[in-house]
Amino acid sequence: MMNNDQLTQEILRLKREKNAVILGHYYQRHEIQAISDYVGDSLALAQEAQRAEADVIVFCGVHFMAETAKILNPQRQVLLPDLAASCSLAESCRAEDFARFKAEHPDHMVISYINCSAEIKALSDLICTSGNAEQLVRSLPPDQKIIFAPDKNLGGYINRVTGRDMLLWNGVCTVHDAMQAEAILNLKQQHPDAPVVAHPECNPALLAVADFIGSTQAMLRYIAQSASRQIIVATETGILYQMHRLCPDKEFLTLRDDKSCACDDCAYMKLNTLEKLYLCLRDGQPEITMEPAMIEAAARPIVRMLDLSRQLGLIK
Ligand code: 13P
Ligand code: SF4
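Note that my numbering has the sequence shown beginning at 21, numbered continuously upward.
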């Protein structure tokens, strides 16, 4: 059994030997973020996967993210350290049910949050992430009817800020949905000067008490420019690694500090460990494999998202 230092050395050696790149999401374990070549939110990681030239992409995130990497760069071998790293949002939306729902609303365009399976992407007209959802929706004609899937919290938030009336699929991120506004209010009472940052996957009651709502990347930008010394954070705890790196002098308070809630770890994200990362590089598996027809169908709305995001100046 190797310790973390030995595992890290072996991962770096295997990475060179196999010409691999490691992409890591902000919610990954701290030691995985520390060894990743690129750490980002789901939008930035999709872009990074698309332009990757390494033979192997090791995706340290959840299944839909690794699948997106394969869809955008099918020539590469894409590995996910633990294939069971799913997502409650992706699981809430099964292709058969969604196809039926879509057929009931033939005059609606379908926008799906990237947190969904390739099958759902293939049934969609446009993909979005939490980093571009609001701007993409705003760019569409006001009378365009829209189905938004699978996150009713993100969709509801976009409806409120844009005044739209998108039809929402009834899915949630079980991690963000369980975070309680009361716990945030308790923390606010003890730290009245601390602003609250929240991910838009949180429930509407929690979002109502947030000072800033945005994707993981947007929250990091916000805390870096904030003058406050203390900040209350309503999102998955993996992000604290980057928050402390960016702002070592600031204090970040989470729902754990209220003691009423220890719900801010995503069990799926945390399935990836340094040891599984080492094993997957060593063994070249678990690998993401997909039928070429599915890759082609799912790529269309993702590429449309990336093109539109570039046109809107949201990404380079
Ligand atoms: P981001 O798009 O902010 O990276 O969020 C991904 C995610 O899974 C949030 O739970
Ligand atoms: Fe899915 Fe929520 Fe985990 Fe993100 S935090 S991967 S949305 S279950």
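Cβ coordinates follow ideal geometry from the N, Cα and C atoms, glycine included. Because the structure is a prediction, the values reported are computed rather than measured.
Host alpha helix (DSSP H) of residue i (start-end)
i      : result
GLY175 : 172-182
ALA169 : Element bounds for ALA169: not the alpha helix (DSSP H) but the beta strand (DSSP E), 166-169.
ALA254 : No alpha helix (DSSP H) contains ALA254, which is instead part of the beta strand (DSSP E) from 250-254.
TYR242 : 236-245
LYS122 : 115-123
GLU154 : 153-158
GLU111 : 108-111
ASN206 : 201-210
ILE335 : Where ILE335 is concerned, there is no enclosing alpha helix (DSSP H), given that its DSSP letter is neither H nor E.
ALA228 : 224-228
LYS141 : 138-142
Classification of residue i by the beta-carbon crowding that lies within 10 angstroms, buried from 16 upward
i      : result
ARG36  : exposed
LEU27  : buried
ALA138 : buried
ALA40  : buried
ARG96  : buried
ARG49  : buried
THR309 : exposed
GLY191 : buried
GLN262 : buried
PRO126 : exposed
heavy atom of the ligand 13P below 7 Å from residue i C-beta
i      : result
HIS219 : yes
THR236 : yes
ILE285 : In the sequence as presented, Ile is not what sits at residue 285; that position holds Asp. ASP285 Cβ: outside cutoff for every heavy atom of the ligand 13P.
THR88  : no
CYS193 : yes
THR257 : no
GLY175 : no
THR149 : yes
HIS83  : no
ASP102 : no
SER106 : no
Top-ranked residue by Cα proximity to residue i, from the options
i      : options                        : result
HIS199 : LEU100, THR274, ALA72, GLU307  : What sits at residue 199 in the sequence shown is Met, not His. If we check each option's Cα against that of MET199, THR274 comes out closest.
ALA254 : VAL217, THR182, GLU295, ASP303 : VAL217
LEU160 : PRO170, ASN173, ASP145         : ASP145
ILE243 : LEU227, GLU316, ARG265         : ARG265
VAL181 : LEU227, CYS136, ARG241, ASP163 : LEU227
LEU100 : CYS113, ALA89, PHE79           : PHE79
ALA119 : GLU87, GLN250, PRO170          : PRO170
ASP102 : PRO268, MET289, SER329, ARG320 : MET289
PRO94  : VAL82, CYS107, ALA74, HIS45    : ALA74
ALA123 : CYS136, ALA110, LEU143, CYS107 : LEU143
LYS208 : VAL229, GLU221, LEU297         : VAL229
CYS107 : GLN210, LYS270, ASN179, VAL195 : VAL195
ASN129 : ASP185, LYS336, PRO312         : Just to set this straight, residue 129 is Met in the shown sequence, not Asn. Comparing Cα positions, the closest option is ASP185.
ASN206 : ASP278, LEU187, ASP213         : ASP278
Which of helix, strand or coil DSSP assigns to residue i
i      : result
VAL195 : helix
MET310 : coil
CYS80  : strand
VAL217 : strand
VAL323 : helix
THR274 : strand
GLY258 : helix
LEU299 : helix
LEU187 : strand
Proximity test, residue i beta-carbon vs the ligand SF4 heavy atom, cut-off 7 Å
i      : result
LEU109 : yes
ASN179 : no
VAL157 : no
VAL216 : no
ASN135 : yes
TYR288 : yes
TYR47  : yes
First and last residue of the uninterrupted beta strand (DSSP E) at residue i
i      : result
SER132 : 129-133
ALA40  : 40-45
ILE147 : 146-148
GLN97  : 97-99
VAL59  : 58-60
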